[in-house]
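S.K.:
Numbering (this note's numbering), first residue to last: 171 to 470.
1. By the three-class DSSP mapping on this structure, what secondary structure does residue 321 have?
2. Among the residues of its own chain, which have a CB less than 8 Å from the CB of residue 290, if the five just before and after it don't count?
3. Can you tell which of 397, 349, 388, 221 has the C-alpha that lies nearest to the C-alpha of residue 360?
4. Between the Cα of residue 215 and the Cα atoms of 418, 234, 249, which residue gives the shortest distance?
5. Within a Cβ cutoff of 7 Å, which residues of the same chain sit near residue 237, ignoring the five residues on either side of it in sequence?
6. Cutting at 8 Å between CB atoms, please list the residues of its own chain near residue 293, excluding the five before and the five after it.
7. Buried or exposed, going by whether 16 or more other CB atoms sit within 10 Å of the CB of residue 174?
8. How many angstroms separate the CA atom of residue 327 from the CA atom of residue 286?
9. Residue range of the alpha helix (DSSP H) that residue 395 falls in?
10. Which stretch, first to last residue, makes up the alpha helix (DSSP H) that contains residue 420?
11. In terms of residues, what are the limits of the alpha helix (DSSP H) holding residue 346?
12. I believe residue 370 touches residue 282 by the beta-carbon criterion, under 8 Å. Please report the beta-carbon distance rounded to the nearest angstrom.
13. Go ahead and pull the three-state DSSP assignment for residue 307.
14. With 16 other CB atoms within 10 Å as the buried threshold, where does residue 451 fall?
15. Buried or exposed for residue 259, please, with buried defined as at least 16 other CB atoms from any protein chain shown within 10 angstroms of its CB.
16. For residue 434, which three-state DSSP category applies?
17. Who are the near neighbours of residue 300 in its chain, counting only those whose CB is closer than 7 Å to its CB and skipping five residues on each side?
18. Using 8 Å for Cβ pairs, my map puts residue 403 next to residue 391. What's the rounded Cβ distance?
19. If you count every other CB in all the chains shown that lies within 10 Å of the CB of residue 268, and 16 or more means buried, which is it?
20. Whole angstroms is fine: what's the gap from residue 426's alpha carbon to residue 412's?
21. According to DSSP, is residue 301 part of a helix, a strand, or is it coil?
22. Since residue 269 is in the alpha helix (DSSP H), which residue starts that stretch and which ends it?
23. Check whether the Cβ atoms of residue 344 and residue 223 lie closer than 8 Å to each other.
24. Grab the span of the alpha helix (DSSP H) containing residue 246 for me, first residue to last.
25. Beta-carbon separation of residue 347 and residue 381 under 8 Å?
26. Is the Cβ-Cβ distance between residue 355 and residue 333 less than 8 Å?
27. For residue 329, is the classification buried or exposed, using 16 other Cβ atoms within 10 angstroms of its Cβ as the cut-off for buried?
28. With a threshold of 6 Å on Cβ separation, who are the neighbours of residue 218 within its own chain once the five nearest residues in sequence on each side are excluded?
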């Protein structure tokens with residue numbers, strides 16, 4: 171009886187594991203497992219890690235950058251898995267929170283955060299972002315849903331766009347692309363024929379287009395193509411319109427519209443930063459591939 175009880179109540183030996191694809195995930199706690207400082211070797215360190223995360227987040231919300239960074243640094247002291255990922259230069263909870271503290275935002279861009287005038291809603295959205303970047307996607311989704319439902323007071327139409335966007339992102343992470351695409355489209359509303367009204371609409375359009383390209387539904391794939399073209403034709407030059415150019419150019423080349431795809435890759439302005447560098451990289455790779463093919467044909 172005692173052996174059987176121990177088998178049921180013994181918690182995982184490690185807090186986290188790495189799956190086949192290299193993703194780091196938390197071991198699920200099963201019903202009946204006793205997780206405390208006596209039964210679980212990682213229990214206290216996990217509590218310290220969570221404390222450092224939340225105290226760092228509160229300092230971040232108050233604009234206390236150095237204090238937030240100091241708390242976040244303690245995550246590395248408590249979690250060997252995060253420490254290993256950080257040493258290897260791989261993104262992790264600590265590096266995303268650190269980046270947020272250094273840049274002043276997490277997932278909502280500054281221009282999106284500026285729309286939240288009610289301190290309750292601003293805190294709620296920042297907490298959604300905190301959950302999202304630390305991969306607690308279900309918590310982000312549920313909190314965003316509560317904001318949309320007005321549980322903390324009505325959200326203004328302008329700021330509601332981002333709440334819907336983070337909700338859609340949570341749906342994608344927890345329920346998949348087929349359910350997420352319609353949620354992203356709610357940010358845009360009826361298909362606009364002119365420019366997108368806001369940066370958040372551009373983000374949602376790109377997300378819906380990129381995910382919709384791989385949908386099993388033909389109408390969704392068609393809508394995705396329309397959104398990509400609309401983003402590419404937009405005079406607004408942002409990260410989202412640049413990403414759309416890259417994706418559409420690759421699609422065109424793959425569909426044998428090579429000249430059109432290459433021309434699109436050449437349209438990036440010099441100040442497009444990493445996006446121009448990526449476009450130039452693809453152009454060079456395509457040229458090299460064609461050169462190699464030509465040499466092979468010459469040998470034949």
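Note that beta-carbon positions come from the ideal geometry of N, C-alpha and C, so glycine has one too. Values in this document were obtained by computation on a predicted structure and should not be read as measured data.
M.R.: Looking at the atomic coordinates:
1. Taking the first residue of the chain shown as 1, we reach residue 321 at position 151. Strand.
2. On the chain shown, residue 290 is found 120 positions in, with the first residue counted as 1. Excluding positions up to five away in sequence, the list reads 322, 323.
3. Position 190 of the chain shown, counting from 1, holds the residue named residue 360. The residue with the shortest Cα to Cα distance from residue 360 is 397.
4. For the purposes of this step, residue 215 is taken as residue 45 along the chain shown, with counting starting at 1. The option with the nearest alpha carbon to residue 215 is 249.
5. One-based indexing of the chain shown puts residue 237 at position 67. Hits under 7 Å: 229.
6. Start at 1 with the first residue of the chain shown, and residue 293 comes out as number 123. Once the five neighbours on either side are set aside, the close Cβ partners of residue 293 are 231.
7. Within the chain shown, the letter at position 4 stands for residue 174. Note that residue 174 scores 47 on pLDDT, short of 50, meaning its location in the model is unreliable; the coordinates nonetheless yield the value given after this. With fewer than 16 Cβ atoms within 10 Å of its Cβ, residue 174 is classed as exposed.
8. Along the chain shown, one-based indexing puts residue 327 at 157. Along the chain shown, one-based indexing puts residue 286 at 116. Distance from the CA of residue 327 to the CA of residue 286, rounded to the nearest whole angstrom, comes to 10 Å.
9. As a first step, residue 395 must be located in the chain shown, where it is residue number 225. Counting along the chain, residue 395 sits inside the alpha helix (DSSP H) bounded by residues 388 to 403.
10. Taking the chain shown and counting its residues from 1, one reaches residue 420 at position 250. Unbroken alpha helix (DSSP H) run through residue 420: 409 to 424.
11. Position 176 of the chain shown holds residue 346. Boundaries cannot be given for residue 346, as no alpha helix (DSSP H) includes it and DSSP labels it neither H nor E.
12. Within the chain shown, residue 370 is the residue found at index 200, counting from 1. Within the chain shown, residue 282 is the residue found at index 112, counting from 1. With a Cβ gap of about 6 Å, residue 370 and residue 282 count as contacting.
13. As a position in the chain shown, residue 307 is number 137, starting the count at 1. Judged by DSSP in its simplified three-state form, residue 307 adopts helix.
14. Residue 451 sits at position 281 when you count from the first residue of the chain shown. Taking all protein chains in view, the Cβ of residue 451 is surrounded by fewer than 16 other Cβ atoms within 10 Å, so the residue is classified as exposed.
15. Within the chain shown, numbered from 1, the residue matching residue 259 stands at position 89. By the neighbour-count rule (16 or more Cβ atoms within 10 Å), residue 259 is not buried but exposed.
16. By 1-based counting over the chain shown, the position of residue 434 is 264. The answer is helix: DSSP assigns residue 434 an H, G or I state.
17. In the chain shown, counting from the first residue as 1, residue 300 sits at position 130. Closer than 7 Å at the Cβ level, and outside the excluded window around residue 300, lie 227, 276.
18. Taking the chain shown and counting its residues from 1, the one referred to as residue 403 is at position 233. Taking the chain shown and counting its residues from 1, the one referred to as residue 391 is at position 221. Contact flag wrong, Cβ pair sits at about 19 Å.
19. Indexing the chain shown from 1 puts residue 268 at position 98. Residue 268 is buried by the Cβ-count criterion.
20. By one-based count along the chain shown, residue 426 stands at place 256. By one-based count along the chain shown, residue 412 stands at place 242. Answer to the nearest angstrom: the Cα atoms are 21 Å apart.
21. Position 131 of the chain shown, counted from the first residue, corresponds to residue 301. In the three-state reduction of the DSSP assignment, residue 301 falls in the helix class, which pools H, G and I.
22. By 1-based counting over the chain shown, the position of residue 269 is 99. For residue 269, the enclosing alpha helix (DSSP H) begins and ends at 263 to 273.
23. The residue given as residue 344 occupies position 174 in the chain shown. The residue given as residue 223 occupies position 53 in the chain shown. In this structure, residue 344 lies away from residue 223, with their beta-carbon atoms at least 8 Å apart.
24. Within the chain shown, the letter at position 76 stands for residue 246. Element bounds for residue 246: 235 to 248.
25. In the chain shown, counting from the first residue as 1, residue 347 sits at position 177. In the chain shown, counting from the first residue as 1, residue 381 sits at position 211. Yes.
26. Counting from one through the chain shown, the residue named residue 355 turns up at place 185. Counting from one through the chain shown, the residue named residue 333 turns up at place 163. No.
27. On the chain shown, residue 329 is found 159 positions in, with the first residue counted as 1. Burial check for residue 329: the Cβ neighbour count within 10 Å reaches 16 or more, so the residue is buried.
28. The residue given as residue 218 occupies position 48 in the chain shown. Excluding positions up to five away in sequence, the list reads 248.
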